Amino acid sequence: MARKQPVALKVCKELLDATNASLIMAEVELLRKLEHPHIVKFYGTSLLKKDGTIRVMLVMEKCKENLKSHIFGHPESALQSLLFSLNKYVGGRKRSLLLWCSYINRELSIGISS
């Protein structure tokens, strides 16, 4: 029997079309390859069809907290953690914005609204 697990669904704001399909596919491929304890797990994608439009939906690990509750619940460590992460993982190197957001999401246990 399959284990039920809550997930976070992130619906892309842009409609899926011929001009952005390859860019979205490249980002999805990057997410599939990421595996790190400080990066939110990516489970897959789905399509949301509504009113004749199509949007991509990302299915990801659901975290326990959101950024606001983490910062106000742990004010002594939140800024230190954020600055350490920024210096270590972004530093002088160019990183994908998606990778950075995923890292911070996992590091601070931020939940994505479903």
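Quick note, the sequence shown lines up with residues 1 to 114 if you use UniProt numbering.
The beta carbon of each residue, even a glycine, is placed where N, CA and C say it ideally should be.
Computed from a prediction, not measured in an experiment: that's the story for all the values here.
- In this structure, the straight-line span from the alpha carbon of E14 to that of L30 is close to 19 Å.
- Counted as a single uninterrupted DSSP element, the beta strand (DSSP E) harbouring I54 occupies residues 53-61.
- Here the C-alpha atom of M60 lies approximately 21 Å from the C-alpha atom of K50.
- Between K62 and A8, the C-beta gap is smaller than 8 Å, which places the two residues in contact.
- Of all alpha-carbon atoms in M25, V40, V11, the one lying nearest the alpha-carbon of T53 is that of V11.
- If you check the CB distance, I24 and L16 come in under 8 Å.
- Around the beta carbon of L48, fewer than 16 other beta carbons sit within 10 angstroms, so the residue counts as exposed.
- The three-state reading of DSSP puts E29 in helix, counting H, G and I together.
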